[in-house]
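132 is the number of the first residue of the sequence shown in UniProt numbering; add one for each residue after it.
By construction, the Cβ of each residue, glycine as well, lies at the ideal position given by its N, Cα and C atoms.
Since the structure comes first, as structure tokens, the remarks are kept for the end.
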Amino acid sequence: GDQRRGGTQQAIQMPGVRAIVAVASGKGGVGKSTTAANLALAAAREGHRVGLLDADIYGPSAPRMMGVSGKPELTEGKRLIPKEAHGIKVMSMGFLVDEDTPTVWRGPMVQTAIQQMLRDVEWGELDLLIVDMPPGTGDAQLTLSQQVPLAGAAIVTTPQDLALTDANKGLNMFRKVDVPVLGFIENMSYFQCPSCGERHHVFAEGGGRREAARLGTELLGEIPLDIVIRETSDGGNPVVVAHPESPHAAAYGNIARRI
Ligand code: ADP
Numbered sequence: 132g133d134q135r136r137g138g139t140q141q142a143i144q145m146p147g148v149r150a151i152v153a154v155a156s157g158k159g160g161v162g163k164s165t166t167a168a169n170l171a172l173a174a175a176r177e178g179h180r181v182g183l184l185d186a187d188i189y190g191p192s193a194p195r196m197m198g199v200s201g202k203p204e205l206t207e208g209k210r211l212i213p214k215e216a217h218g219i220k221v222m223s224m225g226f227l228v229d230e231d232t233p234t235v236w237r238g239p240m241v242q243t244a245i246q247q248m249l250r251d252v253e254w255g256e257l258d259l260l261i262v263d264m265p266p267g268t269g270d271a272q273l274t275l276s277q278q279v280p281l282a283g284a285a286i287v288t289t290p291q292d293l294a295l296t297d298a299n300k301g302l303n304m305f306r307k308v309d310v311p312v313l314g315f316i317e318n319m320s321y322f323q324c325p326s327c328g329e330r331h332h333v334f335a336e337g338g339g340r341r342e343a344a345r346l347g348t349e350l351l352g353e354i355p356l357d358i359v360i361r362e363t364s365d366g367g368n369p370v371v372v373a374h375p376e377s378p379h380a381a382a383y384g385n386i387a388r389r390i
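As structure tokens, then:
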């Protein structure tokens, strides 16, 4: 559409990258970054060349989740070389700013930082670049979704009504700029009791599926609330890598095949 390709926003070219998919959320804390990392790793397990761009400037989590840190090396042409972790390429704002520096960005600084992350990274040849978007639907998110040539966006939500309302806002933002919404991913869908095996729907049941249907989009998958998912990603070794034969890894794999 005109708004995406024309106007004041210049679309950024990433010639070596075959498909760029955004993982977004209407609000923070729903597990967007965890989902983005595990999907990237699941796609790599399928044999794809994958990159993960942690564009969550407010709370970059890729360094911790992927277990990589430090300033990136530069090419002779002064382009940033992504780090390698668990077989994928990773770039994060967390590599560029000091972890102890509170990242209180002013609007223009956010734009400049995002620009560098988009224009100056030497990805090489990739089949898939997953962009871990900043949470929410503000200006930074809108600009990003206009400038990056996104093949599509997957929206992470938890099952509560409020989260679903925010997911709906995310969906509308992408539709406004003509980025195809691939569907919702319901995270923390249920808790499976380790002793009795019963599934407890801690927040609500079926919200993601219902809301996706109502809004004319897909439910790409459901990921349970599980301490293993938290511990592995907080420890720099996401569940897809730490427990490749687990049902969680299979669930991420099924979603990765649909994006
Ligand atoms: P966001 O990117 O949406 O802010 P994160 O991915 O950083 O959210 O997740 C927030 C916290 O919740 C992290 O500590 C993460 O490990 C945890 N978490 C995310 N998804 C799950 C899950 N399915 N089960 C258990 N913990 C999870």
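Could you check which residue in the options has the C-alpha nearest to that of residue i?
i: Phe-322; options: Gln-144, Glu-353, Gly-201 and Ala-285; result: Glu-353
i: Arg-345; options: Gln-272, Ala-168 and Leu-302; result: Leu-302
i: Gly-225; options: His-331, Lys-202 and Val-308; result: Lys-202
i: Arg-250; options: Ala-343, Lys-209 and Arg-180; result: Lys-209
i: Leu-257; options: Gly-366, Pro-213 and Met-304; result: Pro-213
i: Ile-358; options: Glu-349, Val-370, Gly-347 and Leu-351; result: Val-370
i: Leu-184; options: Arg-195, Ala-168, Gly-178 and Gly-198; result: Ala-168
i: Gly-267; options: Gln-242, Arg-195 and Thr-288; result: Thr-288
i: Glu-204; options: His-217, Ser-223 and Gly-218; result: Ser-223
i: Gln-278; options: Ser-164, Pro-290, Gln-242 and His-179; result: Gln-242
i: Gln-247; options: Glu-329, Met-145, Ser-156 and Gly-178; result: Met-145
i: Ala-142; options: Glu-329, Gln-291 and Val-310; result: Val-310
i: Leu-313; options: Val-221, Ala-175, Ala-171 and Leu-351; result: Leu-351
i: Lys-158; options: Thr-363, Ile-286 and Ala-244; result: Ile-286
i: Gly-198; options: Tyr-383, Ala-373 and Ala-380; result: Ala-373
i: Leu-293; options: Val-154, Gly-147 and Gly-160; result: Gly-160
According to DSSP, is residue i helix, strand or coil?
i: His-331; result: strand
i: Lys-202; result: coil
i: Gly-132; result: Only weak support exists for where Gly-132 lies, its pLDDT of 41 falling under 50; the value from the coordinates is given anyway. It is coil, neither helix nor strand.
i: Gly-347; result: coil
i: Ser-192; result: coil
i: Ala-382; result: helix
i: Gly-267; result: coil
i: Phe-289; result: The sequence given here has Thr at residue 289, not Phe. Coil at Thr-289, not helix or strand.
i: Gln-323; result: strand
i: Gly-137; result: Note that Gly-137 scores a pLDDT of 42, beneath 50, so its modelled location is shaky; the value from the coordinates is reported in the next line. It is coil, neither helix nor strand.
i: Ser-276; result: helix
i: Ser-164; result: helix
i: Lys-214; result: strand
i: Val-312; result: strand
i: Val-262; result: strand
i: Glu-342; result: helix
i: Lys-209; result: coil
i: Pro-239; result: helix
i: Arg-388; result: coil
Going by DSSP, what residues sit across from residue i in a beta bridge?
i: Met-222; result: Leu-184
i: Ala-354; result: Correcting the residue type first, residue 354 is Ile in the shown sequence and not Ala. Ile-354 pairs with Asn-318.
i: Asp-251; result: Answer is none; Asp-251 lacks a bridge partner.
i: Leu-257; result: Val-148
i: Gly-283; result: Val-152
Under 7 Å from any heavy atom of ligand 1, does the C-beta of residue i make it?
i: Thr-165; result: yes
i: Leu-356; result: yes
i: Asp-297; result: no
i: Arg-361; result: yes
i: Pro-266; result: yes
i: Met-304; result: no
i: Ser-223; result: no
i: Asp-365; result: yes
i: Met-319; result: yes
Check your understanding: For the region 185 to 193 against the region 375 to 389, are there 3 or more C-beta pairs whose distance is under 8 Å?
Key -> no
**Study point:** Sufficient close CB pairs (3 or more, under 8 Å) joining the region 360 to 376 to the region 328 to 346
**Key:** no
Practice item. Mind the definition here: the region 324 to 332 touches the region 292 to 308 only if three or more C-beta pairs lie below 8 Å; say whether that holds. Key: no
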